[in-house]
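Only one structure is covered here, and it is reproduced in the block below.
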Amino acid sequence: SPSLHSKIKINKSQNGNPLIQTIKSKNVPFEFTSLIQSDYLINSQTFVLFLSLRYHKLHPEYIFNRLKKFGFGAQSSSTNVLKILLCVLDIENSGNTHYWEILKSLLKVCIFNDFTLILTWSFEEAGNYICVLKNLSAVSGNKGSSNKKLGISIKGELKEDYYSRLLNCLTSIKGINKSDVSRIVSSNSGIKNFKELVKDNGNELENINGWGPKKISRFKYVVNEPFIFNYDY
Numbered sequence: 111s112p113s114l115h116s117k118i119k120i121n122k123s124q125n126g127n128p129l130i131q132t133i134k135s136k137n138v139p140f141e142f143t144s145l146i147q148s149d150y151l152i153n154s155q156t157f158v159l160f161l162s163l164r165y166h167k168l169h170p171e172y173i174f175n176r177l178k179k180f181g182f183g184a185q186s187s188s189t190n191v192l193k194i195l196l197c198v199l200d201i202e203n204s205g206n207t208h209y210w211e212i213l214k215s216l217l218k219v220c221i222f223n224d225f226t227l228i229l230t231w232s233f234e235e236a237g238n239y240i241c242v243l244k245n246l247s248a249v250s251g252n253k254g255s256s257n258k259k260l261g262i263s264i265k266g267e268l269k270e271d272y273y274s275r276l277l278n279c280l281t282s283i284k285g286i287n288k289s290d291v292s293r294i295v296s297s298n299s300g301i302k303n304f305k306e307l308v309k310d311n312g313n314e315l316e317n318i319n320g321w322g323p324k325k326i327s328r329f330k331y332v333v334n335e336p337f338i339f340n341y342d343y
């Protein structure tokens, strides 16, 4: 039989969650326990909280309290700790209520509490994520590597230096490539405040080689819009 460490630990409060049927169908070993604070314990450093958006709409205080009170010493700055909020989008946009507005508040609290937000469209997809996390954890463990690699595989790896982060940010805007970023940085001595740069209706941008009206218009739009994480600009 599978060893204790090879099993996903599932909080007894999750008994009846439809995603568990997916875990069963994948033949991934698991066991229920009342000894964990997370909903799903993948390994000693990978914790998952689960949320149905339908439930969150009725009880918004529930997940905020759980995120803020989350234990395990997981508030440490260790890069080996991976904390995930796994959310099922099981509601439809209706009337004045749009789930994107709800997700923005969830994303904000995840950022402040060092959680990774994963969105799924069904309980089956959520269950698949749990299984994939366990499989990745097993592979990392067999290779003798740290949980850091599992975190990178979920969140991606981003260099820490200023230019790399700037490059990653600006090239996420459609039509702007690495050469465009290099030109705008070199023409502005390390780049000034973006809003200051577009205050003069983009006249300064027009002097940069490769920056035509369409690119300038898109850049100005993004700079002046409220910041929305993961929005497709």
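The working numbering puts the last residue of the sequence shown at 343; the count rises by one with no breaks. In this text, a Cβ means the ideal position worked out from N, Cα and C, and glycines have one as well. Given the structure is predicted, the values throughout are model-derived calculations rather than measurements.
Out of Leu-177, Tyr-165 and Arg-164, which has the shortest C-alpha to C-alpha gap to Ser-148? In the sequence shown, counting from the first residue as 1, residue 148 sits at position 38. Closest option to Ser-148, Cα to Cα, is Leu-177.
Let me make sure I understand the geometry here. Which of Lys-288, Trp-321, Lys-284 and Ser-297 has the alpha-carbon closest to that of Val-332? Locating residue 332 in the sequence shown gives position 222, counting from the first residue. Ranking Lys-288, Trp-321, Lys-284 and Ser-297 by Cα distance to Val-332 puts Lys-284 first.
In chain order, which beta strand (DSSP E) runs of at least 3 residues are fully inside the region 120-193? 140-143, 150-153 and 156-162
With distance defined between alpha-carbon atoms, name the residue in Lys-119, Asn-190, Leu-195 and Glu-141 nearest to Ser-162. Along the sequence shown, one-based indexing puts residue 162 at 52. If we check each option's Cα against that of Ser-162, Leu-195 comes out closest.
Taking the C-alpha atoms as reference points, what is the distance between Trp-210 and Leu-229? For the purposes of this step, residue 210 is taken as the residue at position 100 of the sequence shown. For the purposes of this step, residue 229 is taken as the residue at position 119 of the sequence shown. Here the alpha carbon of Trp-210 sits roughly 11 angstroms from the alpha carbon of Leu-229.
Beta-carbon contacts of Asn-287 that lie in its chain and below 7 angstroms, excluding the five residues immediately before and after: Start at 1 with the first residue of the sequence shown, and residue 287 comes out as number 177. Cβ neighbours of Asn-287 beyond the five flanking positions: Thr-281.
To the nearest angstrom, how far is it from the Cα of Leu-217 to the Cα of Arg-164? Position 107 of the sequence shown holds residue 217. Position 54 of the sequence shown holds residue 164. It is roughly 16 angstroms from the alpha-carbon of Leu-217 to the alpha-carbon of Arg-164.
By alpha-carbon positions, which one of Leu-246, Arg-293, Gly-237 and Leu-227 ends up nearest to Ile-173? Mapped onto the sequence shown, residue 173 falls at position 63. If we check each option's Cα against that of Ile-173, Leu-227 comes out closest.
For Leu-229, report the span of its beta strand (DSSP E) as first-last. Numbered from 1 along the sequence shown, position 119 holds the residue referred to as residue 229. Run containing Leu-229: 226-230, per the beta strand (DSSP E) assignment.
Using DSSP with H/G/I as helix, E/B as strand and the rest coil, what is Ile-393? No statement about residue 393 is possible, as the shown extent of the chain runs from 111 to 343 and does not include it.
Any idea what DSSP makes of Leu-199, helix, strand or coil? Locating residue 199 in the sequence shown gives position 89, where the first residue counts as 1. Three-state DSSP puts Leu-199 in coil, outside helix and strand.
The alpha helix (DSSP H) spanning Asn-278 covers which residue range? Position 168 of the sequence shown, counting from 1, holds the residue named residue 278. Here the alpha helix (DSSP H) through Asn-278 covers 272-280.
Let's see if you can read the secondary structure: which residues bound the alpha helix (DSSP H) around Leu-216? As a position in the sequence shown, residue 216 is number 106, starting the count at 1. Residues 209-222.
6 angstroms Cβ shell around Leu-315 - same chain, five flanking residues per side excluded: Locating residue 315 in the sequence shown gives position 205, where the first residue counts as 1. If we look at Leu-315 and ignore the five residues flanking it on each side, its Cβ neighbours are Trp-321 and Ile-326.
In chain order, what residues of the same chain have a beta carbon less than 7 angstroms from the beta carbon of Asp-200, not counting five sequence neighbours either side? In the sequence shown, the residue the question calls residue 200 occupies position 90. Cβ within range, chain order: Ser-162, Leu-163 and Arg-164.
For Val-118, does the three-state DSSP call read helix, strand or coil? Against the sequence shown, residue 118 aligns to sequence position 8. Checking the sequence, you will find Ile at residue 118 rather than Val. Correct three-state label for Ile-118: strand.
Contact belief for Tyr-150 with Val-158 at Cβ below 8 angstroms, rounded distance in angstroms: Taking the first residue of the sequence shown as 1, we reach residue 150 at position 40. Taking the first residue of the sequence shown as 1, we reach residue 158 at position 48. Indeed, because the Cβ distance is near 4 angstroms, the residues count as touching under 8 angstroms.
If you follow the alpha helix (DSSP H) that Ser-327 is part of, which residue opens it and which one closes it? Here residue 327 is taken as the residue at index 217 of the sequence shown, counted from 1. It spans 323-334 - the alpha helix (DSSP H) in which Ser-327 sits, taken as one unbroken run.
Please determine, among Asn-238, Arg-328, Val-242 and Val-295, the residue with the shortest C-alpha to C-alpha distance to Thr-132. Numbered from its first residue, the sequence shown carries residue 132 at position 22. Ranking the options by Cα distance to Thr-132, first place goes to Asn-238.
Please check the pair Lys-193 and Phe-225, which I expect to be a contact at CB under 8 angstroms, by giving their CB distance rounded to whole angstroms. Working through the sequence shown from its first residue, we reach residue 193 at position 83. Working through the sequence shown from its first residue, we reach residue 225 at position 115. That belief holds up - the Cβ atoms of Lys-193 and Phe-225 are roughly 5 angstroms apart, short of 8 angstroms.
Here's the rule: buried if 16 or more other CB atoms are within 10 angstroms of the residue's CB, otherwise exposed. What is Val-249? One-based indexing of the sequence shown puts residue 249 at position 139. So Val-249 counts as exposed.
Is it buried or exposed, Ile-221, if we count other Cβ atoms within 10 angstroms and call 16 or more buried? Position 111 of the sequence shown, counted from the first residue, corresponds to residue 221. With fewer than 16 Cβ atoms within 10 Å of its Cβ, Ile-221 is classed as exposed.
Under the three-state DSSP convention, the category Glu-314 falls into: As a working mapping, residue 314 is identified with position 204 in the sequence shown. Coil, per DSSP.
Alpha carbon of Asn-319 to alpha carbon of Arg-328, nearest angstrom: Numbered from its first residue, the sequence shown carries residue 319 at position 209. Numbered from its first residue, the sequence shown carries residue 328 at position 218. Cα-Cα distance, rounded: 16 angstroms.
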